[in-house]
Each structure stands twice: as C-alpha cells, then as structure tokens.
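Residue numbers (the numbering used here): 1332 to 1649.
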C-alpha cells in the first residue's frame, strides 16, 4: 500500500511538472505578430517570404509590410518593422547608420554572398574592347559605340529603381564618365529591359547583381571599378579623384539579417530561429529565376523552397 501511494505521488508530481512545463513553454512563445518588410524586389522578397513562412510553419503570426527598401531602415530603427532577413551588405552606410542608432542589431550573414555593380552583355565587350576595365568607358570610340538615339552622345546606361542606394550619380561625376542614366521603376522592369536589349544586340551597360540567374550567368561580365574602401564614401582625398567621394565600386559582402532590439527582448524564441536562418546563393538565384522567368510570385517561390527543404528549416525550430 505504501509503495502504491509513493508511485501515485510520483505520478501526480510528474503530471504537474509536465503540465507546468507545457504552460511555461506556451507562455515563452511570442504571441504577437512578427512584422517583416517586403519591397517588390525578387531577391529580397524571396528571402523575406521564406523566413516568414518558416515562422508560420512554427505557428507564429506574420505580417508582411510593403515598404521602400531605403525607408525600411528607419522603420526598423523605430520599431515599425521587427526583423529584416534580406539586407544587402552593399548598403553598408545604411546598415552602419541604423546599427549605430542603438535600436537595431546585426544578426550576421544569411549565408548568401553578394555583388552589385555595372554589368554588360558579352557582345558589348566587342563594341568596347577595353572592358571590363572601367577606364575603357572614357574612350571616345567606346562612348560612341555604346550610345543610342535615346542617350545621344553618351553611354546608354540602365540604372536601378529609385530606392536603390547605387550612388551612380556620384560615381559618374567622380570618375568623369559620359553616361546617360535611365531609371527603371522596378527590378523586374530593369531585368526585362536588359533582356530586351540583349535580344536586339543593342549597346547597353546596366546595373547588375549576384546572386542572380542573368547577371550571374556567362552571358556577360561586371565592369571592374576601383575596389571599395571604407574611405571611398567619405574621404575625397582617397582614390582616383582627390576632390570627390564614391570613385569606387560598392562593397561586396553578404545578405545580412537585422533586427529591432526591443522586439528581440520580447521575442527571444523568434530571434533564436532568426539566428539559425540560412540560405545559399543558389537558393536565391533559383528563387529569382522562378519569378523573372517562370512568372511565379515570391510567395510561391518561397513555398517551393519550404516544400523541398523541410530537413533544413525544421532544424532551425529545435
């Protein structure tokens, strides 16, 4: 009888401990809504929706906020956005400024290496044989060969959507280039315009980036500007032009993850998943291609990755 009572007491204690542990686990899980930015940019939106869908698989509430890429840094700083899984490291000055506010921290790389600078199709290299050296763009023969009726006597250059931090105006001025810039409204328009020019073999140079199914392919090359240095954006005495800043390319780097500090204090469980979140350059290039080439939405491209990689993302939730 005594042994029976002891066993019963142990069983009740175990049940209480289990019940208490479950309650604590439920209490520890963030019950609010996780706000993630999206920008109508295929690469970043693929990454953002992928992370958001992982959170949804784990039972969290997620809201996707459509916002300008540059403006989202301020939103993150003021707590209007909680997490930003897809920040291109080439936005170094914006990242540094946001982190210096003290309201935002950098959770490190999302596992994807990036590059952004001017890109040209292979046939353009035949029109301007000095490429990929940027100095070839100062050659009068090259300028003439790369001009169109729309660009006049200047190089035909397809720039970025207005919310990109490309610093093209500053770079053109600092390096003394004779360039006419056309600004597309979206990344989709930018890529489609470049594709159209390639089909017609038109003279063109444009903004390019990797990872990407087109700009990372063997269909073209990147222009080789002076390599980025931390002094380039702020110190005119550094570089090719002693009187101007941005006489260099953008920095190369990673897609990094930023988060609001106050949110992290409220949702350490979400931050733990955020820290584990990693993709590859091939993942992102395929996600972009599915959108640009095959016409799926970024949500669908992300869902395809989720469906094909349960072994990877499920490990982030343990």
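For glycine and all other residues, C-beta sits at the position ideal for the given N, C-alpha and C. Predicted model, so just to flag it, every value in this text is computed and none were measured.
| query | result |
| --- | --- |
| Own chain partners of residue 1441 with C-beta closer than 8 angstroms, once the 5 adjacent residues on each side are dropped | 1378, 1416, 1417, 1585, 1586, 1587, 1588, 1608, 1609, 1610 |
| Range of the contiguous beta strand (DSSP E) that encloses residue 1584 | 1584-1591 |
| Euclidean distance between Cα positions of residue 1390 and residue 1436 | 25 angstroms |
| Validate contact between the stretch 1361-1376 and the stretch 1514-1529 using beta carbons, cut 8 angstroms, 3 pairs | yes |
| Check whether residue 1638 and residue 1438 have beta carbons under 8 angstroms apart | no |
| Residue span of the beta strand (DSSP E) that contains residue 1431, given as start and end | Per DSSP, residue 1431 belongs to no beta strand (DSSP E); it is in the alpha helix (DSSP H), 1423-1431. |
| Nearest residue (CA-CA) to residue 1595, options 1624, 1627, 1413 | 1413 |
| Per-residue DSSP class, three states only, for residue 1621 | helix |
| Extent of the continuous alpha helix (DSSP H) run through residue 1455 | 1453-1458 |
| Selected residue, minimal CA-CA separation from residue 1541, among 1448, 1404, 1406, 1365 | 1448 |
| Whether residue 1480 touches residue 1511 by CB criterion (8 angstroms) | no |
| Three-state secondary structure (DSSP) of residue 1610 | coil |
| Endpoints, beta strand (DSSP E) assigned at residue 1489 | 1486-1489 |
| Minimum length 4: unbroken alpha helix (DSSP H) runs contained in the stretch 1491-1566 | 1499-1506, 1518-1531 |
| Three-state secondary structure assigned by DSSP to residue 1397 | strand |
| Start-to-end residues for the alpha helix (DSSP H) that takes in residue 1386 | 1373-1388 |
| Minimum C-alpha distance to residue 1649 - residue among 1601, 1466, 1550, 1393 | 1601 |
| Local Cβ density within 10 Å of residue 1629, reported as buried at 16 or more and exposed below that | buried |
| C-beta atoms of residue 1499 and residue 1401 nearer than 8 angstroms | no |
| heavy atom of the ligand GTP below 7 angstroms from residue 1627 C-beta | Among the components modelled here there is no ligand, and therefore nothing to report on the ligand GTP. |
| C-beta atoms of residue 1572 and residue 1506 nearer than 8 angstroms | yes |
| Reduced DSSP category for residue 1353 - H, G, I as helix; E, B as strand; rest coil | Because the pLDDT at residue 1353 is just 33, under 50, the model does not fix this residue reliably, and the value given afterwards should be weighed accordingly. Residue state, collapsed to three classes: helix. |
| Nonlocal neighbours in the same chain, by C-beta distance under 6 angstroms from residue 1582, ignoring five residues either side | 1421, 1423, 1559 |
| Backbone CA spacing between residue 1569 and residue 1478 [nearest angstrom] | 31 angstroms |
| CB-CB length for residue 1407 against residue 1367, believed under 8 angstroms | That belief does not hold up - the Cβ atoms of residue 1407 and residue 1367 are roughly 11 angstroms apart, past 8 angstroms. |
| Candidates 1475, 1532, 1515, 1466, of which the one nearest residue 1502 by Cα | 1466 |
| Straight-line gap, residue 1603 to residue 1403 (C-alpha atoms, nearest Å) | 22 angstroms |
| Selection from 1359, 1411, 1405, 1376 that minimises the alpha carbon distance to residue 1365 | 1411 |
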